[in-house]
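Have a look at the structure below, then the notes.
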């Protein structure tokens, strides 16, 4: 068990780098506290898997350091770092039984056979694999195989962290939910640092206490699911999390006034400086309501999801989505929108203006 | 689900049927025809029953060439399969080395078989050939045209040179299809290089290796052109493998009946060995 720290970490798959786009990961600084459940969330190709492989030691980063409990481990191989990793699709040793699969990492570490037996049975019990211990692993279903991959990580009693790289990709939807709650339960039981990589916001938000959002090789925000929803620090977090995502509208900043479509609006923060090339206002559809005065829009369409209505409107500076109660009357044609002040933020060059 | 009954669709099968008939069924049936009869030409045939089969099965000459054939096939499989896997494992996985290696590996496979035989014949000639002359210069008493051991050595070396590439290419394809996650997981599990080979690579290569072994078995069991050009079956009958012996009997001695019977026995041996081997290799596959 350990605290994992990443310090000024950058990685590129190219030999020489000329622009930001050449870096798979750039300038990552983060602490993963001991025993925490983290999700690493981001779209495909944002550098999540690279970051994970750097922590486990499968990739050596171009720049920066990895520390376990304040000890630099950058030069160590995966075995020495003692981490467990579960991959996108189940990795099992086809010719071995379930028992031999689970015992494999221990046998490689020359642990006495009685100790292995006790440990394997304990883990099999925990993962509900006991009844299949003597079967050939290749005969199991996808979720059974994924449990074996997980089990091979758990049998080592001293792993520093367990990492999941989109582990539910090949699992049937109805089993996904079960396996996910199993993971959550497991985390509470064994209390190890777990890092869970995914591009699915539901998986991330339900699994983790802390969600780390990545975008184009950078960490854009770390926080609880509520933080990410209520106060996105980057416009990307705004529209990647939530359904539908945050509305982002261009705005002008005049002194301390924020102006959208020629209308002054009130935002959460006091804007002091203004030296950005691009300024925007972000507000989630949940925090918009119809009013008698505000941003003038044209109502385009209404779709009813049952729980609420999603209203598409168009203003001078772009489309705005809003969420209304399912019994609310939606005006047709022209209307005015009001943004809730506490949840309306201004962004400079995509980052929140503090 | 209701199937539409349309017997006219059988017409579409006719072209394939005709093709198969001309290139397989008719020639095979001709051989069967010869195997049970005696002929003196002019299309006159006399019924002989199973006489030719009995004669072949009891013939020492057939036993000897069958024995040579099995020995040859086992030796080349024993060399080519492990060697092929070993070469595939050491081939580069990315970069310019990949196409270079693949092209180099394919070269021997592209050379016509009689050219291979002729090449090796000249290459191995004891007085002027590079191999033969060098071996003699190094003090070995080497002469593949006169010494049985040297003839076998040269034939096997030629076959290894000609066909190991096939095993390499198949193994390489099998290795490349293994997802990197398997290697990463093994690295995290602390597996040794040997464990990675026996627990991941070999099981994942099982299917391509089955194909490689089958192809190499069949081809080497039916080998004709290369040893015919290289040694002509000699010295004596030392390298007269089944097909060389068969051609001698059919075209040299014009014993059409016994030769036809021998062809059929030969054919059934190949079929039987392939079937047994394939069934054994795949018996666990169907369960899972």
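Residue numbers (my numbering), protein chains in the order written: chain A, 1 to 354; chain B, 355 to 642.
No residue lacks a Cβ here, since even glycine has one placed at the ideal position from N, Cα and C.
Margin query: Here's the rule I'm using: 16 or more other beta-carbon atoms within 10 Å means buried, otherwise exposed. How should residue 90/A be labelled?
Written below: buried
Margin query: I'd like the span of the alpha helix (DSSP H) that includes residue 272/A, first residue to last.
Written below: Unbroken run through residue 272/A: none, as it is neither H nor E.
Notebook entry, point to check: Checking contacts by CB at 8 Å: is residue 386/A closer than that to chain B?
Noted result: The structure shown does not extend to residue 386/A, since chain A spans only 1 to 354, so no value can be given for it.
Notebook entry, point to check: Do the segment 613–627 of chain B and the segment 583–603 of chain B meet, that is, are 3 or more Cβ pairs less than 8 Å apart?
Noted result: yes
Check: Would you say residue 561/B reaches chain A, if we count a Cβ-Cβ gap shorter than 8 Å as a contact?
Finding: no
Notebook entry, point to check: Can at least three beta-carbon pairs, one atom from the segment 153–169 of chain A and one from the segment 48–60 of chain A, be found at a separation below 8 Å?
Noted result: yes
Check: Taking Cβ positions, are residue 403/B and residue 521/B nearer each other than 8 Å?
Finding: no
Checklist line | Which of helix, strand or coil DSSP assigns to residue 32/A | finding: strand
Next item on the list: Evaluate residue 622/B with the Cβ neighbour count: other Cβ atoms within 10 Å of its Cβ, from every protein chain shown; 16 or more gives buried, anything less gives exposed.
Entry: exposed
Margin query: Using a Cβ distance threshold of 8 Å, determine whether the segment 443–451 of chain B contacts the segment 513–533 of chain B, with at least three qualifying pairs required.
Written below: yes
Notebook entry, point to check: Across which residues does DSSP place residue 347/A in a beta bridge pair?
Noted result: 280/A and 352/A
Item checked: Given 8 Å, three or more beta-carbon pairs between the segment 137–155 of chain A and the segment 93–102 of chain A -> yes
Note to self: Quick test of your reading: residue 83/A and residue 197/A, contact by CB under 8 Å. State the CB separation rounded to the nearest angstrom.
What the structure shows: Contact flag wrong, Cβ pair sits at about 14 Å.
Note to self: Using only CA atoms, which one of 259/A, 253/A, 294/A and 81/A lies nearest to residue 274/A?
What the structure shows: 253/A
Next item on the list: Indicate whether residue 345/A and residue 269/A have their beta-carbon atoms separated by less than 8 Å.
Entry: yes
Notebook entry, point to check: When the distance is taken between beta carbons, is residue 66/A closer than 8 Å to residue 154/A?
Noted result: no
Checklist line | Candidates 323/A, 290/A and 64/A: closest to residue 334/A by CA position | finding: 290/A
Notebook entry, point to check: Expressed to the nearest angstrom, what Euclidean distance is found between the alpha-carbon atoms of residue 88/A and residue 103/A?
Noted result: 21 Å
Next item on the list: May I ask you to list, following chain order, the residues of the segment 528–552 of chain B that have a beta carbon less than 8 Å from some beta carbon of chain A?
Entry: 533, 535, 536, 538, 539, 541, 542, 543, 544, 545, 546 and 549
Checklist line | the segment 484–500 of chain B in contact with the segment 405–425 of chain B per 3-pair CB rule at 8 Å | finding: no
Next item on the list: Output the boundary residues of the alpha helix (DSSP H) element that contains residue 56/A.
Entry: 48–56
Next item on the list: Kindly indicate which three-state DSSP category residue 257/A falls into: helix, strand or coil?
Entry: strand
Check: At least one CB of chain B closer than 8 Å to the CB of residue 94/A: is that the case?
Finding: yes
Checklist line | Length of the line joining the Cα atoms of residue 301/A and residue 139/A | finding: 51 Å
Checklist line | Environment of residue 422/B [buried if 16+ CB atoms lie within 10 Å] | finding: buried
Check: From what residue to what residue does the alpha helix (DSSP H) around residue 538/B run?
Finding: 534–542
Next item on the list: Anything in chain A within Cβ reach of residue 567/B, meaning under 9 Å, just list it in chain order.
Entry: Under the 9 Å cutoff, chain A gives no residues; its nearest Cβ is about 18 Å from residue 567/B.
Check: Helix, strand or coil: which one does DSSP assign to residue 371/B?
Finding: helix
Next item on the list: Tell whether a beta-carbon distance below 8 Å holds between residue 358/A and residue 326/A.
Entry: Given that chain A is displayed from residue 1 to residue 354, the structure contains no residue 358/A and the question cannot be resolved.
Next item on the list: Use the C-beta contact count for residue 40/A: other C-beta atoms within 10 angstroms, 16 or more gives buried, fewer gives exposed.
Entry: buried
Checklist line | residue 424/B: first and last residue of the uninterrupted alpha helix (DSSP H) it sits in | finding: 414–444
Note to self: Quick check: is the beta carbon of residue 510/B nearer than 8 Å to any beta carbon in chain A?
What the structure shows: no
Check: Mind checking residue 493/B: buried by the 16 CB within 10 Å criterion, or exposed?
Finding: exposed
Check: With C-beta atoms as the reference, is residue 81/A less than 8 Å away from residue 57/A?
Finding: yes
Next item on the list: Taking the CB atoms as reference points, tell me whether residue 219/A and residue 30/A lie closer together than 8 Å.
Entry: yes
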